[in-house]
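Trainee:
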Amino acid sequence: MQITFESVNHVYNARTPMERRALYDIEFDIPSGQFVAIIGHTGSGKSTLIQHMNGLLKPSSGVIRIGEKVIQSTEKNKSLKEIRQHVGLVFQFPEYQLFEETIEKDIMFGPLNYGVSIDEARKRAYDVIQMVGLDAEMLGKSPFNLSGGQMRRVAIAGILAMNPDILVLDEPTAGLDPQGQYEIMEMFNLLNRQYGKTIVLVTHDMDLVARYADEVLVMHQGVLALKGSPEDVFKQIDELKRCGINFPIPAQNYHTFANRLSLSIDKLPLTTEEFVDQVESVLCGRG
Amino acid sequence: MRKMIELKNITFGYDADSPVLKNYSLTINSGEFITILGHNGSGKSTLSKLLVGLMEPQQGEIIIDGELLSEDTIPTIRQKIGIVFQNPDNQFVGSTVRDDIAFGLENKCVSYDVMNELVERYAQKVGMEKFLDSEPHYLSGGEKQRVAIAGVLALGANIIILDEATAMLDPRGRENVMNLIHELVEDRDKTIIMITHHLDEAVKSDRIIVMNEGEIILEGVPKEVFQEKELLESVKLDVPFAVKASYELKQRGLLKEVVTNDEELMDELCKLHSNR
Numbered sequence: 021m022q023i024t025f026e027s028v029n030h031v032y033n034a035r036t037p038m039e040r041r042a043l044y045d046i047e048f049d050i051p052s053g054q055f056v057a058i059i060g061h062t063g064s065g066k067s068t069l070i071q072h073m074n075g076l077l078k079p080s081s082g083v084i085r086i087g088e089k090v091i092q093s094t095e096k097n098k099s100l101k102e103i104r105q106h107v108g109l110v111f112q113f114p115e116y117q118l119f120e121e122t123i124e125k126d127i128m129f130g131p132l133n134y135g136v137s138i139d140e141a142r143k144r145a146y147d148v149i150q151m152v153g154l155d156a157e158m159l160g161k162s163p164f165n166l167s168g169g170q171m172r173r174v175a176i177a178g179i180l181a182m183n184p185d186i187l188v189l190d191e192p193t194a195g196l197d198p199q200g201q202y203e204i205m206e207m208f209n210l211l212n213r214q215y216g217k218t219i220v221l222v223t224h225d226m227d228l229v230a231r232y233a234d235e236v237l238v239m240h241q242g243v244l245a246l247k248g249s250p251e252d253v254f255k256q257i258d259e260l261k262r263c264g265i266n267f268p269i270p271a272q273n274y275h276t277f278a279n280r281l282s283l284s285i286d287k288l289p290l291t292t293e294e295f296v297d298q299v300e301s302v303l304c305g306r307g
Numbered sequence: 530m531r532k533m534i535e536l537k538n539i540t541f542g543y544d545a546d547s548p549v550l551k552n553y554s555l556t557i558n559s560g561e562f563i564t565i566l567g568h569n570g571s572g573k574s575t576l577s578k579l580l581v582g583l584m585e586p587q588q589g590e591i592i593i594d595g596e597l598l599s600e601d602t603i604p605t606i607r608q609k610i611g612i613v614f615q616n617p618d619n620q621f622v623g624s625t626v627r628d629d630i631a632f633g634l635e636n637k638c639v640s641y642d643v644m645n646e647l648v649e650r651y652a653q654k655v656g657m658e659k660f661l662d663s664e665p666h667y668l669s670g671g672e673k674q675r676v677a678i679a680g681v682l683a684l685g686a687n688i689i690i691l692d693e694a695t696a697m698l699d700p701r702g703r704e705n706v707m708n709l710i711h712e713l714v715e716d717r718d719k720t721i722i723m724i725t726h727h728l729d730e731a732v733k734s735d736r737i738i739v740m741n742e743g744e745i746i747l748e749g750v751p752k753e754v755f756q757e758k759e760l761l762e763s764v765k766l767d768v769p770f771a772v773k774a775s776y777e778l779k780q781r782g783l784l785k786e787v788v789t790n791d792e793e794l795m796d797e798l799c800k801l802h803s804n805r
């Protein structure tokens, strides 16, 4: 399901002394099935932007299209219900939203609210618990005795049970250990490649962006500053610095290395392997 | 060197069949900065709960600053230990920065003048003196964690445990808190135990303890520990970029040794380039 933003503006507390403009003429589209990363400094408008994707916020002006559906300032909240079914928004630390006695009940909560039958909701819980890499035997247990990483998976399973086409993730790896981070990112990758879900990932971790994203959107002070593939975006060194964005660590190091030796930079390495290859070719006089 | 913390043959489990810590012994000296590394579930946070007597080991003894931890000594021992936890929002109890730092002091019935003096001194120490009257929702996660550290310092704790205190922060907040920790380390009047799963935060510690399934599997200065790239990765720890890159460059015959941080890596590579 495609996402399109057409000159979207957002003003918080419009026509009050607290008025603050958060988004300026945002335009982009995300084709169905893409893995997109949104990066930007704290306060750049990332969170405001993603809350427009399922109508939690409505634009002050402009239009958002989710598949055939439209979100604009005049839209009634009632008509947003269907959009919310298609766009699952996973907030930061979603495990804090778990509340039911059992994992199964917690996962079934969303679908039941949307009028799905109990049997169907139970079947979905059985399916999605496995999609997030947990054992179906855990369904009868309390979600509160799980580790942090497992709780997060259960919370995400609750979103997947709505069967959304688009998954919007706000810092999904924050607070997880490296293995937990790796596993959860591989899970999103699988949801993208195997189940065809469109993934929108908000993150501070540039190494994840380099590894997983097809496309990167860079936000700066409420403006969409850059858009392109990770290779193209991380080439624009000066522009990214202006936006206060860190580079992936291999790129940062290569940049320092090249500067100290006054080498020209054709391409910044985004992964450790690329870094080692590039350094080797410099040191061995190739390339 | 004076021993500050001694754990002798500790065994502890939440249920009897599966111990979280197995016959665990560890000595930490006064003024030492030690990092305990391990993935989630390796037993590292259990350790911090045992140290302050929140839980009792089934076997073994814990000696803190020369005193055996027991029901009678818990109150005095707790005054020596301050813990900063993971979630900045859960441990901010005051309505302003000033109130928050003062909270522990009020409980200890410190006089008003002394309290004011302490609050201001430690707010300054952690670089939050300009925010004394700020409310928590105007502070970033990193700033809240600095306030939590000020609260611990104001109480006069001489052992500070940072239990994944940076895990929920963004990169800037993490750097902010790590800089403060490094400043405290330089003063050398506190024993600092940092519990984390970020290896890059351990680079400047005096000693690293790597835990897996309730046991110490590796112990040493950072440089030694980071040589064990494969072992670290096998217990689900992510080694820093400089270690990974220099390990690979060593495999390819370009570098002689694995280095631990980015600066060293750059120095080595530039040396290689000029010798070429």
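So the protein sequences, as listed, match chains A and B.
By the count of the numbering used here, the first sequence reaches residue 307 at its end, each step adding exactly one.
By the count of the numbering used here, the second sequence reaches residue 805 at its end, each step adding exactly one.
Ideal Cβ placement from N, Cα and C applies to all residues, glycine included.
1. Take T602 of chain B and list the residues in its own chain whose beta-carbon comes closer than 7 Å to its own, dropping the five residues that flank it on each side.
2. Spell out whether any CB of chain A is found under 8 Å from the CB atom of R781 of chain B.
3. Name the two residues that bound the continuous alpha helix (DSSP H) containing I723 of chain B.
4. Rounded to whole angstroms, how far is the Cβ of R512 of chain B from the Cβ of E748 of chain B, which I believe are closer than 8 Å?
5. If we count the other Cβ atoms within 10 Å of its Cβ and call it buried at 16 or more, is P289 of chain A buried or exposed?
6. Is the CB of G307 of chain A under 8 Å away from at least one CB in chain B?
7. Looking at the structure shown, is Q105 of chain A part of a helix, part of a strand, or coil, going by DSSP?
8. Looking only at DSSP bridge pairs, what is A57 of chain A linked to?
9. Cutting at 8 Å between CB atoms, please list the residues of its own chain near M483 of chain B, excluding the five before and the five after it.
10. How many angstroms separate the CA atom of Q272 of chain A from the CA atom of D227 of chain A?
11. Going by DSSP, which residues form a beta bridge with K89 of chain A?
12. Are the Cβ atoms of S663 of chain B and T625 of chain B separated by less than 8 Å?
13. Suppose only complete runs of 3+ residues qualify. What are the beta strand (DSSP E) ranges in the stretch 173-229 of chain A, listed by chain order?
14. Are the beta-carbon atoms belonging to V220 of chain A and L260 of chain A less than 8 Å from one another?
15. Compute the distance between the beta-carbons of A683 of chain B and V714 of chain B, then report whether it is under 8 Å.
16. Name the chain B residues that come within less than 9 Å of I285 of chain A, Cβ to Cβ?
17. Less than 8 Å separating the beta-carbons of E590 of chain B and K537 of chain B?
18. By the three-class DSSP mapping on this structure, what secondary structure does N687 of chain B have?
19. Is it the case that the stretch 74-83 of chain A contacts the stretch 146-163 of chain A, given that we only count it when at least three CB pairs across the two stretches are under 8 Å?
20. Given K765 of chain B, which residues of its chain have a CB within under 7 Å of its CB, disregarding the five upstream and five downstream residues?
21. Cβ-heavy atom distance between L709 of chain B and the ligand ATP below 7 Å?
22. Is there a Cβ of chain B sitting closer than 8 Å to that of F295 of chain A, yes or no?
23. What does E300 of chain A reach in chain B if we use C-beta pairs closer than 7 Å?
24. List the whole-angstrom C-beta distance separating G130 of chain A from I186 of chain A, where the pair is believed to meet the contact cut-off of C-beta under 8 Å.
25. If I follow the unbroken alpha helix (DSSP H) through Q150 of chain A, where does it start and stop?
26. In whole angstroms, what separates the C-alpha of R531 of chain B from that of S249 of chain A?
27. Closer than 7 Å by C-beta to P270 of chain A: which residues in its own chain qualify, once you throw out the five before and the five after it? Chain order, please.
28. Is the Cβ of G60 of chain A closer than 8 Å to any Cβ of chain B?
29. Under 8 Å, with one C-beta from each stretch per pair, do the stretch 235-242 of chain A and the stretch 749-763 of chain B reach the 3-pair mark?
30. Check for me: the beta strand (DSSP E) holding L246 of chain A runs from which residue to which?
31. Cβ closer than 7 Å: which chain B residues qualify as neighbours of P270 of chain A?
32. Is the Cβ of E664 of chain B closer than 8 Å to any Cβ of chain A?
33. If distances are taken between C-alpha atoms only, which option among B:R805, B:Q780 and B:F770 comes closest to L794 of chain B?
34. Start and end of the beta strand (DSSP E) containing T810 of chain B?
35. Drop a sphere of 10 angstroms on the beta-carbon of S599 of chain B, count the other beta-carbons inside from all chains shown, and report buried for 16 or more, exposed for fewer.
36. Would N273 of chain A count as contacting chain B if we go by Cβ distances under 8 Å?
Mentor: Based on what the coordinates show:
1. On the second sequence, position 73 is the one that residue 602 of chain B refers to. Correct list, in chain order: E596.
2. Numbered from its first residue, the second sequence carries residue 781 of chain B at position 252. With 8 Å as the cut-off, R781 of chain B counts as an interface residue toward chain A.
3. Residue 723 of chain B sits at position 194 when you count from the first residue of the second sequence. Ile is not the amino acid found at residue 723 of chain B; the sequence shown has Met there. No alpha helix (DSSP H) contains M723 of chain B, which is instead part of the beta strand (DSSP E) from T720 to T725.
4. What the structure shows of chain B is the stretch from 530 to 805, and residue 512 of chain B is not part of that stretch, so it cannot be assessed.
5. Residue mapping note: residue 289 of chain A aligns to position 269 of the first sequence, counting from 1. That one is buried.
6. Position 287 of the first sequence holds residue 307 of chain A. Here G307 of chain A scores only 47 on pLDDT, less than 50, and its place in the model should not be relied on; the value that follows carries that caveat. G307 of chain A does not count as touching chain B.
7. Counting from one through the first sequence, the residue named residue 105 of chain A turns up at place 85. Helix.
8. Looking up residue 57 of chain A in the first sequence gives position 37. Answer by DSSP bridge pairing, in chain order: A:L221 and A:V236.
9. Since the first and last residues shown for chain B are 530 and 805, residue 483 of chain B lies out of range.
10. Counting from 1 along the first sequence, the entry for residue 272 of chain A is found at position 252. Counting from 1 along the first sequence, the entry for residue 227 of chain A is found at position 207. Q272 of chain A and D227 of chain A: Cα-Cα distance of roughly 11 Å.
11. Translated into the one-based positions of the first sequence, residue 89 of chain A becomes position 69. DSSP, once it has assigned bridges, lists A:I86 as partnering K89 of chain A.
12. Position 134 of the second sequence, counted from the first residue, corresponds to residue 663 of chain B. Position 96 of the second sequence, counted from the first residue, corresponds to residue 625 of chain B. In this structure, T625 of chain B lies closer than 8 Å to S663 of chain B by Cβ.
13. 186-190 and 218-222
14. By one-based count along the first sequence, residue 220 of chain A stands at place 200. By one-based count along the first sequence, residue 260 of chain A stands at place 240. No.
15. Numbered from its first residue, the second sequence carries residue 683 of chain B at position 154. Numbered from its first residue, the second sequence carries residue 714 of chain B at position 185. No, these two residues do not count as a Cβ contact at 8 Å.
16. Position 265 of the first sequence holds residue 285 of chain A. By Cβ distance, chain B contributes nothing, its closest Cβ being about 15 Å from I285 of chain A, past 9 Å.
17. The count along the second sequence starts at 1 and reaches residue 590 of chain B at position 61. The count along the second sequence starts at 1 and reaches residue 537 of chain B at position 8. Contact: yes.
18. To locate residue 687 of chain B, count along the second sequence from 1; it is residue 158. The answer is coil: DSSP assigns N687 of chain B none of H, G, I, E or B.
19. no
20. If you number the second sequence from 1, residue 765 of chain B lands on position 236. Cβ within range, chain order: H568.
21. No copy of the ligand ATP occurs in the structure displayed, which carries no ligand at all.
22. Taking the first residue of the first sequence as 1, we reach residue 295 of chain A at position 275. Closer than 8 Å to some Cβ of chain B, the Cβ of F295 of chain A qualifies, so yes.
23. As a working mapping, residue 300 of chain A is identified with position 280 in the first sequence. The answer, in chain order, is R781 and L783.
24. Counting from 1 along the first sequence, the entry for residue 130 of chain A is found at position 110. Counting from 1 along the first sequence, the entry for residue 186 of chain A is found at position 166. Not confirmed; about 15 Å, so no contact.
25. Here residue 150 of chain A refers to the residue found at position 130 when the first sequence is read from its first residue. Looking at the DSSP string, the run of the alpha helix (DSSP H) that includes Q150 of chain A is I138 to M151.
26. As a working note, residue 531 of chain B is residue 2 in the second sequence. As a working note, residue 249 of chain A is residue 229 in the first sequence. Answer to the nearest angstrom: the Cα atoms are 56 Å apart.
27. Taking the first residue of the first sequence as 1, we reach residue 270 of chain A at position 250. Excluding positions up to five away in sequence, the list reads P289, L290, T291, T292, E294 and F295.
28. Taking the first residue of the first sequence as position 1, residue 60 of chain A is located at position 40. No, its Cβ sits nowhere closer than 8 Å to a Cβ of chain B.
29. no
30. Counting from one through the first sequence, the residue named residue 246 of chain A turns up at place 226. V243 to G248 is the extent of the beta strand (DSSP E) around L246 of chain A.
31. The residue given as residue 270 of chain A occupies position 250 in the first sequence. In chain order: F770.
32. Stepping through the second sequence from its first residue, residue 664 of chain B is reached at position 135. So no, E664 of chain B is outside the interface.
33. The residue you call residue 794 of chain B lines up with position 265 of the second sequence. Taking only the C-alpha atoms, the option nearest L794 of chain B is B:F770.
34. Lying outside 530 to 805, the shown extent of chain B, residue 810 of chain B is not represented and no answer is given.
35. Against the second sequence, residue 599 of chain B aligns to sequence position 70. Classification of S599 of chain B: exposed, given that the 10 Å Cβ count is below 16.
36. The residue you call residue 273 of chain A lines up with position 253 of the first sequence. Closer than 8 Å: yes.
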